[in-house]
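In the order they appear, the protein sequences are chains A and B. Quick note: the first sequence, position 11, residue 11 per the numbering used here, numbers continuous. Quick note: the second sequence, position 72, residue 72 per the numbering used here, numbers continuous. Note sheet for the following structure.
Number of protein chains: 2
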Amino acid sequence: MGKNLVGNHIRKLRFNHDEMTQQQLADKVGVTRQTIVALEKGNYSPSLELAFRIALAFNLPLEEVFFYGDQTKQ
Amino acid sequence: MGKNLVGNHIRKLRFNHDEMTQQQLADKVGVTRQTIVALEKGNYSPSLELAFRIALAFNLPLEEVFFYGDQTKQ
DNA sequence: ACTCGATGTATAGTTTACCTTACATTTAGT
DNA sequence: ACTAAATGTAAGGTAAACTATACATCGAGT
Numbered sequence: 001m002g003k004n005l006v007g008n009h010i011r012k013l014r015f016n017h018d019e020m021t022q023q024q025l026a027d028k029v030g031v032t033r034q035t036i037v038a039l040e041k042g043n044y045s046p047s048l049e050l051a052f053r054i055a056l057a058f059n060l061p062l063e064e065v066f067f068y069g070d071q072t073k074q
Numbered sequence: 001m002g003k004n005l006v007g008n009h010i011r012k013l014r015f016n017h018d019e020m021t022q023q024q025l026a027d028k029v030g031v032t033r034q035t036i037v038a039l040e041k042g043n044y045s046p047s048l049e050l051a052f053r054i055a056l057a058f059n060l061p062l063e064e065v066f067f068y069g070d071q072t073k074q
């Protein structure tokens, strides 16, 4: 119940990005698949450093992948 | 020795922002002064959530406060 | 029917972000 | 000279991010 205030579009972006799999994204940004799973599920939000690497993996600015202010909006 | 790849402009921004003190910024974003000190010194990078709150405190997009890719550049 | 890749879930362990407290140093004001 | 605000530094503790391993489920091919 971490009251996670940060959301993300990782799952959506993975599919827009040539059907990238969790494992492929994990490898690309240098974490384990478990971490990607947890982020997609919203279990916790990533470190800033990891957030930057994920944004880079999608060639997007960080704020188009992650957003502050509750929920699935935006 | 965290090999911190994320840098920030917090100290600079504090002075541009009506001479805001470490303590004032800490209060505004809901952490202790020690955390601000550590961030300014580059001891570690903040959580994504805290990064968002700090950017909000300066009324700037996150990527104008924090940057990825080594060093004092940018 | 069988295999295999992708995903979901769980548990235990390490690392690091952040807190608390405390004290020392510098600078400005009186 | 004294005080007080702002900053630097350090040590011990908690919580959350992340790893490692393991197993289970589901869908697509063959």
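Built from N, CA and C at the ideal position, the CB exists for glycine as well. Owing to the predicted nature of the structure, the values given are computational and were not obtained by experimental measurement.
1. Identify the contact partners of A:A51 in chain B, using a Cβ-Cβ distance below 7 Å as the criterion.
2. What does the Cβ neighbour count give for B:V37, buried or exposed, with the cut at 16 atoms within 10 Å?
3. Is the stretch 33-51 of chain A touching the stretch 5-15 of chain A in the sense that three or more CB pairs, one from each, lie closer than 8 Å?
4. Under a CB-based cut-off of 9 Å, is A:F66 close to chain B?
5. What residue from B:E40, B:F66, B:L56, B:L39 has the CA that sits closest to A:A51's CA?
6. Can you tell me the Cα-Cα spacing of B:A26 and A:E40, whole angstroms?
7. Cβ atoms of B:M20 and B:K28: under 9 Å apart, would you say?
8. CB A:E64 to CB A:H9, shorter than 9 Å?
9. For A:N43, report the span of its alpha helix (DSSP H) as first-last.
10. DSSP puts B:N8 in a beta bridge; with which residues?
11. Spatial neighbours of B:R14 within its chain, please: CB distance less than 8 Å, with the 5 preceding and 5 following residues excluded, ordered by chain position.
Straight from the coordinates:
1. L48
2. exposed
3. yes
4. yes
5. B:F66
6. 30 Å
7. yes
8. yes
9. That residue, A:N43, is in no alpha helix (DSSP H); it is neither H nor E in DSSP.
10. B:F66
11. M20, T21, Q22, L25
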